[in-house]
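Undergrad: Under full-length UniProt numbering, the sequence shown has 240 at position 240, and the numbering climbs by one with no breaks. The structure is given below, and queries will be raised subsequently.
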Amino acid sequence: MGRVEAGAYSVLVAQAEQFFVDEGRPTKLSSLIKKRKFLEKIRFLFIDEAHTIYTAGTDLYGLKAFRPAWHGLSELVTKLGDSVNVAALSGTLPKHIKKSVLDCLHLDPDDMFSIKHSCNRPNISYAIHEIVGQTSDWRNLNFLISESTGSTEPGRKRLKVLVFHDRLEDTIAAKIFQDMMLPKERRGKGVIRYYHAQMSKEYMKDVYEDFRDPNGICEILHATECASTGLDIRDVTVVVQYGIVREMTSLGQRGGRAGRDGVTSSLVVLLVEPWVMKCKLQDAREAAKTLSKKDAADPDHPIAGKLTDKKNGKKLRTGYSMIELAQRRERCIRRTNAEYNGDETSEALQFTGPWCCNSTVHGDSFDYSYWFGSSKLLYYDPGDEIIYAGHPNDRDRTPLDDRSASKRKADAPPGTASDKSYRPAAERSSLISRLIAWRHETWKKDPLRALRPASFILSDKAINKIAGISHSKVGFNKITERAGQSQEWADKYVQDIFTIICEFDADIGDLQKLARARREEVKKKAKVAKAAMDALDDRTVFEQESARRLQSVMEETTLAAVTASYHIQPTQILVHPQQHKTSDNRH
């Protein structure tokens, strides 16, 4: 820090937390800013992503701020004094957040320059779509993969996709599932990757550089919020937010990663959970009465009202504005964004893409195939209770399950294949074998393996418990809980275990896909055989009918020949036998 203190660098980049004491220990930068000579060298303070002062640095809705250092920048501004020019920068500063930022940084609206550009990116189209079933059913993301994904065919243009997830483990699970959807020769090549803050700096740099490279390999990147700011990649065409976000600012930040070249027709898709569409906005308005006046005026106030440390799950903390955006499909998404951000510029509602958004106010012409070709989003048809790839009005839609698979029984006995609380018993032994193999390989690398057995890492009992976790509930916390281990243990091992489970589930899915294909093949063969039998039956009937008709014709022909030999009209044969006898006597 000696060179920093001496002023050897003209620009110093720092996190907000570096200016303050960390858990009772002063940071190097917090010690420096106490020195008058160092402070006198500072001329400008630029605060990027300034909205974080409010969203992360302020106590909101009854909960403490999770990054209070951001709001602590108020103290830093005071310490720097009037001689330092302060600038706050952000792509999302709606009125309520802007006011909080100005108050925190002691900026007088009458004594400052406020430069505001439109937050609208005209080349982006917006869409909202409801997830079918649970978010853990990664088939909801199948529309991102086509036959050409990962192809190295000369002249092919990559479709770069960035998918945002709430949880770190979801980025891993989705990546593994989608990688298994690729042809075998393209799997594990880096076509689909994940990106989150717990990866090593080397890994994150490698992934970022490859995804940014126009000639790189990665086409689909599953990421956490860490990619929502600072990830400036100009040729990302599609951004998917998988699961509703808490606030409109988060959606704006993440969606802003798409179409950054300002030219390419890009798409931002918000995939929302089924529960979102069932929330009652009236109840949320009533719940807002439990909040302070300031919090109640926040358009992103939680639909449950005031939160507590024990009452802050996603279904409770999601903001009113996000629920309203998802439910009110008659409202233009672009207009809603403009109103939220106070964007009254002439460019606020302009769009250069094929569609503005898939809101019903624009009709029903919105077509995902513009970006995804023949790949289709999932829809649940309540009429026949089947999940389809393709809209109910799409003649080419494809059923993913039969009725019995789509409609799960709610009263399934615990531990059975239909019970969602446990992994099917038939799958557990194979998963246990993989976990035991992982434990052995991990133990072999332990420098203290001579002093402690493999069970020190994970006991047999814990492995059995982990193997019983259902597909829909598996996650870092659930694995740690079943293992009966500490957070320190989780930091060391849980990601490896989670990856093994996800890869196992992907393999199971692959086998199930093959089984379905075989069943379909059997059905097709049975259908062909039945058609052949039906054709044979039809031929037999035809031949019998032809023979009958031929016999009839032959009989009629014989009768006509006999009649002609006697020179008698055919009607005369029908005369009573007695009359024939009389006639003969006369002759």
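Note that beta-carbon positions come from the ideal geometry of N, C-alpha and C, so glycine has one too. Quick caveat: nothing in here was measured; it's all calculated off a predicted structure.
Ignore the nearest five residues each way along the sequence and tell me which others in S430's own chain have a CB closer than 8 Å to its CB.
TA: Mapped onto the sequence shown, residue 430 falls at position 430. Only F504 meet the Cβ criterion.
Undergrad: Please state the DSSP three-state secondary structure of Y208.
TA: Here the question's residue 208 lines up with position 208 in the sequence shown. DSSP places Y208 in helix when its eight states are reduced to three.
Undergrad: Per DSSP, R25 is paired with what?
TA: The count along the sequence shown starts at 1 and reaches residue 25 at position 25. BP columns for R25 point to D22.
Undergrad: Quick check on DSSP: helix, strand or coil for E130?
TA: For the purposes of this step, residue 130 is taken as residue 130 along the sequence shown, with counting starting at 1. Strand at E130.
Undergrad: Would you tell me roughly how many angstroms separate the C-alpha atoms of N464 and S486, rounded to the nearest one?
TA: Sequence index remark: in the sequence shown, residue 464 carries index 464 (1-based). Sequence index remark: in the sequence shown, residue 486 carries index 486 (1-based). Approximately 18 Å between the Cα atoms of the pair.
Undergrad: Could you check whether A326 and K304 sit closer than 8 Å to each other, using their CB atoms as the reference points?
TA: Here residue 304 refers to the residue found at position 304 when the sequence shown is read from its first residue. Here residue 326 refers to the residue found at position 326 when the sequence shown is read from its first residue. Checking the displayed sequence, the identity of residue 304 turns out to be Ala instead of Lys. For A304 and A326, no; Cβs fall outside 8 Å.
Undergrad: Report yes if the C-beta distance between S470 and Y422 is below 8 Å; otherwise report no.
TA: Numbered from 1 along the sequence shown, position 470 holds the residue referred to as residue 470. Numbered from 1 along the sequence shown, position 422 holds the residue referred to as residue 422. Yes.
Undergrad: For E169, which residues of its own chain have a beta-carbon under 6 Å away from its beta-carbon, when the five flanking residues on both sides are left out?
TA: For the purposes of this step, residue 169 is taken as residue 169 along the sequence shown, with counting starting at 1. Answer for E169: G475, F476, F498, listed in chain order.
Undergrad: Using CA coordinates, which residue listed in A338, G57, L107, T480 is at the minimum distance from S118?
TA: Against the sequence shown, residue 118 aligns to sequence position 118. The shortest C-alpha separation from S118 is found at A338.
Undergrad: With 8 Å set as the bound, which would you pick, yes or no: does the beta-carbon of V268 sit closer than that to a beta-carbon of chain B?
TA: Although the question refers to chain B, the structure presented lacks it and comprises just one protein chain.
Undergrad: Does the Cβ-Cβ distance between H301 and Y61 come in under 8 Å?
TA: On the sequence shown, residue 301 is found 301 positions in, with the first residue counted as 1. On the sequence shown, residue 61 is found 61 positions in, with the first residue counted as 1. The answer is yes: Cβ separation under 8 Å.
Undergrad: For A405 and A517, what's the separation of their Cα atoms in angstroms?
TA: In the sequence shown, the residue the question calls residue 405 occupies position 405. In the sequence shown, the residue the question calls residue 517 occupies position 517. Interpretation of A405 is limited by its pLDDT of 49, a score under 50 that renders its predicted location unreliable; no figure is taken from the coordinates.
Undergrad: Just mark W275 as buried or exposed, buried being the case when its beta carbon has 16 or more other beta carbons within 10 Å.
TA: For the purposes of this step, residue 275 is identified with residue 275 of the sequence shown, where counting begins at 1. Label assigned to W275: exposed.
Undergrad: Can you list the beta strand (DSSP E) stretches of 3 or more residues lying completely in the segment 96-129, in chain order?
TA: DSSP runs (the beta strand (DSSP E)) wholly in the segment 96-129: none.
Undergrad: From R539 to K525, what does the alpha carbon distance come to, in whole angstroms?
TA: Residue mapping note: residue 539 aligns to position 539 of the sequence shown, counting from 1. Residue mapping note: residue 525 aligns to position 525 of the sequence shown, counting from 1. Using only the alpha carbons, I get a separation of about 21 Å.
Undergrad: Could you work out which residue in Q18, Y388, D396 is closest to S374 when comparing CA atoms only?
TA: As a position in the sequence shown, residue 374 is number 374, starting the count at 1. Ranking the options by Cα distance to S374, first place goes to D396.
Undergrad: Please return the same chain residues whose Cβ sits closer than 6 Å to the Cβ of L271, not counting the five positions on each side in sequence.
TA: Translated into positions along the sequence shown, residue 271 becomes position 271. Once the five neighbours on either side are set aside, the close Cβ partners of L271 are H129, I131, Y242.
Undergrad: Under 8 Å, do I466 and I479 count as touching if we go by C-beta distance?
TA: Here residue 466 refers to the residue found at position 466 when the sequence shown is read from its first residue. Here residue 479 refers to the residue found at position 479 when the sequence shown is read from its first residue. Yes, the Cβ-Cβ distance between I466 and I479 is below 8 Å.
Undergrad: Tell me which residues share the same chain as L32 and place their Cβ nearer than 8 Å to its Cβ, disregarding the 5 neighbours each side in the sequence.
TA: Mapped onto the sequence shown, residue 32 falls at position 32. Cβ neighbours of L32 beyond the five flanking positions: M1, V4, E5, F38.
Undergrad: Identify, in the order they occur along the chain, each residue of the same chain with its Cβ nearer than 6 Å to the Cβ of R158, setting aside the five sequence neighbours on each side.
TA: Locating residue 158 in the sequence shown gives position 158, where the first residue counts as 1. Around R158: E219.
Undergrad: Is it buried or exposed for H222, if we count other Cβ within 10 angstroms and need 16 for buried?
TA: Along the sequence shown, one-based indexing puts residue 222 at 222. Flag for H222 reads buried.
Undergrad: For I115, does the count of other Cβ atoms within 10 angstroms reach 16, so buried, or fall short, so exposed?
TA: Looking up residue 115 in the sequence shown gives position 115. Per the 10 Å Cβ criterion, exposed.
Undergrad: Determine the DSSP secondary structure at F164, reduced to helix, strand or coil.
TA: Counting from one through the sequence shown, the residue named residue 164 turns up at place 164. Reduced to three states, the DSSP call for F164 is strand.
Undergrad: On the DSSP letters alone, give me the boundaries of the beta strand (DSSP E) that V4 sits inside.
TA: Position 4 of the sequence shown, counted from the first residue, corresponds to residue 4. V4 -> not in any beta strand (DSSP E); alpha helix (DSSP H) instead, spanning 2-5.
Undergrad: Is it buried or exposed for S266, if we count other Cβ within 10 angstroms and need 16 for buried?
TA: In the sequence shown, the residue the question calls residue 266 occupies position 266. Result: buried.
Undergrad: I'd like the ranges of any alpha helix (DSSP H) spanning at least 4 consecutive residues and lying wholly in the segment 469-496.
TA: As far as the segment 469-496 is concerned, its whole alpha helix (DSSP H) runs of at least 4 residues are 476-483.
Undergrad: Output yes or no for whether 8 Å exceeds the beta carbon distance between V77 and H51.
TA: What you label residue 77 is simply residue 77 of the sequence shown in a count that begins at 1. What you label residue 51 is simply residue 51 of the sequence shown in a count that begins at 1. Not a contact, by the Cβ cut-off of 8 Å.
Undergrad: Hey, out of K184, T171, Y126, whose CA is closest to E147's CA?
TA: Working through the sequence shown from its first residue, we reach residue 147 at position 147. Of K184, T171, Y126, the residue nearest in Cα terms is K184.
Undergrad: Quick one: Cα of T149 to Cα of D394, how far?
TA: Mapped onto the sequence shown, residue 149 falls at position 149. Mapped onto the sequence shown, residue 394 falls at position 394. Their backbone Cα atoms lie some 23 Å apart in a straight line.
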